[in-house]
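A.B. asks: In terms of numbering that gives the first Met the number 0, the sequence shown has 83 at position 84, counting the first letter as 1, and numbering is strictly consecutive. Where is the CB? At the ideal position from N, CA and C, for every residue including glycine. Got a structure here, written out as structure tokens. Questions coming.
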Amino acid sequence: MSRQGAGSGEQGAGQVAGSLLRAPCSLLLWCAPALALGLALRVLMASAMPFAYVQHDSYRLLVGGAEWLRPEAQEAFGDNVPFLVPALFRLAQAGPLPALTTIQLGQHALGLIQIVLAGALVRFWLPRWKWWIIPATLVFAAHPSFLWFEHTVMLETAYVFAVVVLAVAGTWLLRQPSLAAAMGTCVAVALVAFTRPEGKLFVAFGALALVAAFWKSWRQLARAAAIFSATLALIAWGTVPGESGLLLYSSVLHLSPEVPRCHPGVGPYVAALCAEAIEAARREPAFVSRRQREALTDALKNFVAKHPGASRGADSAQGINRVATSLAFETCLRAPLSLLPLAMQKFRDSADDLANGKFTESWLHERQQSRLRSGWHFIQPIDVQLYGRQFADVEELLSFVKDAYPPKRLRWFGWLHEEWRDLYELRLPDTKYPAREVHGLPLFYLLPLAGMIAAIAWPMPARRFHVCWVLMLVGLWFIVMLTANERARFRMGFEPFIFLYPFVAFDAAIALVQRVQRR
């Protein structure tokens, strides 16, 4: 494409952006088919289940005050959850409806808004956006993972929504740089950071986007930097340290040196665990079990208790995480070439699974009842706020759940789940290890990868945004996959873009074909 052609494309994208801001009704019209489908599916789900689905992780988002201060709550959940979602869920408990009704209705509303935001991204990003906006938004309307998490008391819906909002704000900033756009992007960065622990990593995108937007104007860059600095201070104040260091160190424990330089005295405390991890890594990929992670936590807790200087005066949880972070960084620097294969192995282990659970008899009744039974001491003080009625004992609650969550009325969701999962059936060859087999990467993932490459390499609207965003997503993927457990739900932050970037690839492919034909 000539410079003139590229310039006209940039001008056209600016006109699209201006049109979007002047006429939002046009966007809603294009999104109407997806909004109709999305509303119908969500009404079906909400009418079948008036209450949100409760997981084990739900308790720490629902209980507060004196209940949260109980030792068993702190022991069970830790303190790594940002404040925003628990605050909203507790606010729902003060409303006129049962909180579990309010939560699922509110999250479904976010899902519908997310459809429109996805349409806005397609319109901002693609020259042939009219070709793709309806199928792309229909994907968001019917994606089973979005539907399932919207009806579940977890962090994922708010997190995914915040990430999509950030993508829209970042696109606005890098299409039409202004201090208002910079402020909007900073607010969106803070919103993401306040929804999930790994959300803090998106400050890297904020920094990249502001530099890319204002590097030609030092005065505006300085003003934007001041806004961003205030955002960083707010994020530091409003988030908690978490346990990322401990998670990362447990993942790379099989690579740990016998005598770490940062904490030489820790060797005897973790030697047996390191030996076990090394031996296990010879038979299968280094996937850490909950038992191993708990054992490592206990070992580091003993080390910190006998070497208080190692944690620099931090309390037990923060001290353990601080020591583990130092050990993890030293281990990663010692064996950098082993990190990417490990991250890819963990990703592949769940890449052909959907991130969501199911609404079958097993999930709605057996699994949920088991979690409610074990968490009855958390639920009992707030049962009226959650369900709109008081239960005499846990058995009455379990009987209520059996009637309130009818799997027969949600058979359509099971069909949708299985049909969607067919996307991942075709995959690269599996890898066999002595003790297990890891599935090959589903071929479907080559489409978003091609779209990311095309967004950067091909001159199209929002190219500067895609450079910053793809760098952010790739870096986040590497950190999350290396650190987290091999569970599909840790993919949720990427899911909107796994299904948006294929349309970028399709659009670029058509442009390439047309360019060849003109020659």
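Check each candidate in V191, R435, L104 and name the one with the smallest Cα separation from H150.
C.D. replies: The residue you call residue 150 lines up with position 151 of the sequence shown. Per the Cα distances, L104.
A.B. asks: Can you name, in chain order, every residue of its own chain whose Cβ lies under 6 Å from the Cβ of L422, other than the five neighbours on each side?
C.D. replies: Mapped onto the sequence shown, residue 422 falls at position 423. The residues are F443.
A.B. asks: In chain order, which continuous runs of the alpha helix (DSSP H) of length 4 or greater are located wholly inside the region 255-336?
C.D. replies: Those alpha helix (DSSP H) runs which fall completely within the region 255-336 and span 4+ residues are 266-282, 289-305, 315-333.
A.B. asks: Near E74, which residues of its chain fall below 8 Å by C-beta distance, leaving aside the five closest residues on each side in sequence?
C.D. replies: Residue 74 sits at position 75 when you count from the first residue of the sequence shown. Only weak support exists for where E74 lies, its pLDDT of 44 falling under 50; the value from the coordinates is given anyway. Contacts found: none.
A.B. asks: Would you call V473 buried or exposed, if buried means 16 or more other Cβ atoms sit within 10 Å of its Cβ?
C.D. replies: Position 474 of the sequence shown, counted from the first residue, corresponds to residue 473. By the neighbour-count rule (16 or more Cβ atoms within 10 Å), V473 is not buried but exposed.
A.B. asks: If you draw a straight line from the C-alpha of L173 to the C-alpha of V188, how long is it?
C.D. replies: Within the sequence shown, the letter at position 174 stands for residue 173. Within the sequence shown, the letter at position 189 stands for residue 188. Rounded to whole angstroms, L173 to V188 spans 15 Å at the Cα level.
A.B. asks: Using CA atoms only, rank isn't needed, just tell me which of A141, V62, Y404, G94 is closest to L36.
C.D. replies: Taking the sequence shown and counting its residues from 1, the one referred to as residue 36 is at position 37. Nearest of A141, V62, Y404, G94 to L36, Cα basis: A141.
A.B. asks: Between the Cα of Q113 and those of A403, S398, C30, spot the shortest distance and give me the residue it belongs to.
C.D. replies: Within the sequence shown, residue 113 is the residue found at index 114, counting from 1. Per the Cα distances, C30.
A.B. asks: Please go through the region 372-426 and give each complete alpha helix (DSSP H) segment of 4 or more residues, from N-terminal end onward.
C.D. replies: Counting only runs of 4 or more, we get 375-378, 382-386, 393-403, 410-420.
A.B. asks: What residues in its chain sit with their C-beta under 6 Å from that of A334, if we drop five residues either side in the sequence?
C.D. replies: Counted from its first residue, the sequence shown places residue 334 at position 335. Contacts found: L254.
A.B. asks: Since E436 sits in a beta bridge, which residues does DSSP pair it with?
C.D. replies: Residue mapping note: residue 436 aligns to position 437 of the sequence shown, counting from 1. In the DSSP output, where bridge partners are listed per residue, E436 has K431.
A.B. asks: Candidates G169, L245, G356: which alpha carbon is nearest Q291's?
C.D. replies: Residue 291 sits at position 292 when you count from the first residue of the sequence shown. For the residues G169, L245, G356, the minimum Cα distance to Q291 belongs to L245.
A.B. asks: Please classify F540: is it buried, with 16 or more other beta-carbons within 10 angstroms of its beta-carbon, or exposed?
C.D. replies: The chain is shown only over 0 to 518; residue 540 falls outside these bounds and no answer can be derived.
A.B. asks: Along the chain, where does the alpha helix (DSSP H) containing Q513 start, and where does it finish?
C.D. replies: Looking up residue 513 in the sequence shown gives position 514. Note, Q513: alpha helix (DSSP H), 500-517.
A.B. asks: Judging by CA-CA distance, which residue of S144, T238, R435, R514 is the nearest neighbour of V159?
C.D. replies: Residue mapping note: residue 159 aligns to position 160 of the sequence shown, counting from 1. Here the closest residue by C-alpha is S144.
A.B. asks: How should S369 be labelled, buried or exposed, when 16 other C-beta atoms within 10 angstroms of its C-beta is the threshold for buried?
C.D. replies: As a first step, residue 369 must be located in the sequence shown, where it is residue number 370. The residue in question, S369, is exposed, as its Cβ has fewer than 16 Cβ neighbours within 10 Å.
A.B. asks: Considering only the alpha carbon of each residue, which of Q54, F328, R488 lies closest to W362?
C.D. replies: Against the sequence shown, residue 362 aligns to sequence position 363. The residue with the shortest Cα to Cα distance from W362 is Q54.
A.B. asks: Could you give the distance in angstroms between the alpha-carbon of S1 and the alpha-carbon of R514?
C.D. replies: The count along the sequence shown starts at 1 and reaches residue 1 at position 2. The count along the sequence shown starts at 1 and reaches residue 514 at position 515. Per-residue confidence for S1 stands at a pLDDT of 39, beneath the threshold of 50, marking its modelled position as unreliable; the derived number appears in the next sentence. The straight-line gap from Cα to Cα measures roughly 11 Å.
A.B. asks: Any chance the region 460-467 sits against the region 204-211, with 3 or more Cβ pairs inside 8 Å?
C.D. replies: Counting Cβ pairs under 8 Å, three or more are found: they touch.
A.B. asks: Indicate the three-state DSSP secondary structure (helix, strand or coil) for P97 in the structure shown.
C.D. replies: Within the sequence shown, residue 97 is the residue found at index 98, counting from 1. In the structure shown, P97 sits in coil (DSSP, three-state: anything other than H, G, I, E or B).
A.B. asks: Please classify A225 as buried or exposed, where buried requires at least 16 neighbouring CB atoms within 10 angstroms.
C.D. replies: For the purposes of this step, residue 225 is taken as the residue at position 226 of the sequence shown. Flag for A225 reads exposed.
A.B. asks: Which term fits F498, buried or exposed, when burial requires 16 or more other beta carbons within 10 angstroms of its beta carbon?
C.D. replies: As a working note, residue 498 is residue 499 in the sequence shown. Per the 10 Å Cβ criterion, buried.
A.B. asks: With which residues is T170 paired in a DSSP beta bridge?
C.D. replies: Position 171 of the sequence shown, counted from the first residue, corresponds to residue 170. T170 pairs with nothing; no bridge assigned.
A.B. asks: Say whether the region 185-201 touches the region 234-242, bearing in mind that this needs 3 or more beta-carbon pairs closer than 8 Å, one atom from each stretch.
C.D. replies: Flag = yes, the region 185-201 and the region 234-242 touch.
A.B. asks: Could you check the C-alpha separation between V265 and A507 for me, to the nearest Å?
C.D. replies: For the purposes of this step, residue 265 is identified with residue 266 of the sequence shown, where counting begins at 1. For the purposes of this step, residue 507 is identified with residue 508 of the sequence shown, where counting begins at 1. So the alpha carbons of these two residues sit roughly 53 Å apart.
A.B. asks: Using only the alpha-carbon positions, how far apart do Q516 and A454 sit?
C.D. replies: Stepping through the sequence shown from its first residue, residue 516 is reached at position 517. Stepping through the sequence shown from its first residue, residue 454 is reached at position 455. Each residue's alpha carbon lies about 21 Å from the other.
A.B. asks: For A354 versus A487, is the C-beta distance shorter than 8 Å?
C.D. replies: To locate residue 354, count along the sequence shown from 1; it is residue 355. To locate residue 487, count along the sequence shown from 1; it is residue 488. In contact: A354 and A487 (Cβ atoms closer than 8 Å).
A.B. asks: Would you kindly work out how many angstroms separate the C-alpha atoms of R518 and V512, rounded to a whole number?
C.D. replies: Taking the first residue of the sequence shown as position 1, residue 518 is located at position 519. Taking the first residue of the sequence shown as position 1, residue 512 is located at position 513. Taking the straight line joining both Cα atoms gives about 10 Å.
A.B. asks: Between A86 and I102, what straight-line distance do the alpha-carbon atoms span, to the nearest angstrom?
C.D. replies: Against the sequence shown, residue 86 aligns to sequence position 87. Against the sequence shown, residue 102 aligns to sequence position 103. Their backbone Cα atoms lie some 12 Å apart in a straight line.
A.B. asks: Once the 5 residues before and after A342 are set aside, which same chain residues still bring their CB inside 6 Å of it?
C.D. replies: Taking the sequence shown and counting its residues from 1, one reaches residue 342 at position 343. Taken in chain order, the residues that qualify are F477, M480, L481.
A.B. asks: What did DSSP end up calling P441 once you bin it into helix, strand or coil?
C.D. replies: Mapped onto the sequence shown, residue 441 falls at position 442. Three-state result, P441: strand.
A.B. asks: Considering only DSSP beta bridges, list what Y588 is partnered with.
C.D. replies: Not covered by the structure: residue 588. The range shown for the chain is 0 to 518.
A.B. asks: Are there 16 or more other CB atoms within 10 angstroms of the CB of Y52, so buried, or fewer, so exposed?
C.D. replies: Translated into the one-based positions of the sequence shown, residue 52 becomes position 53. The residue is buried, with at least 16 neighbouring Cβ atoms inside 10 Å.
A.B. asks: On a CA-only basis, which of I234, I277, L60, T430 is nearest V251? Give me that one, please.
C.D. replies: Translated into the one-based positions of the sequence shown, residue 251 becomes position 252. Minimum Cα distance to V251 is reached at I277.
A.B. asks: Taking the alpha-carbon positions, what's the A93 to D382 distance?
C.D. replies: Taking the sequence shown and counting its residues from 1, one reaches residue 93 at position 94. Taking the sequence shown and counting its residues from 1, one reaches residue 382 at position 383. Approximately 13 Å between the Cα atoms of the pair.
A.B. asks: Does the separation of the CB atoms of V202 and L231 fall below 8 Å?
C.D. replies: Here the question's residue 202 lines up with position 203 in the sequence shown. Here the question's residue 231 lines up with position 232 in the sequence shown. Cβ atoms of V202 and L231: closer than 8 Å.
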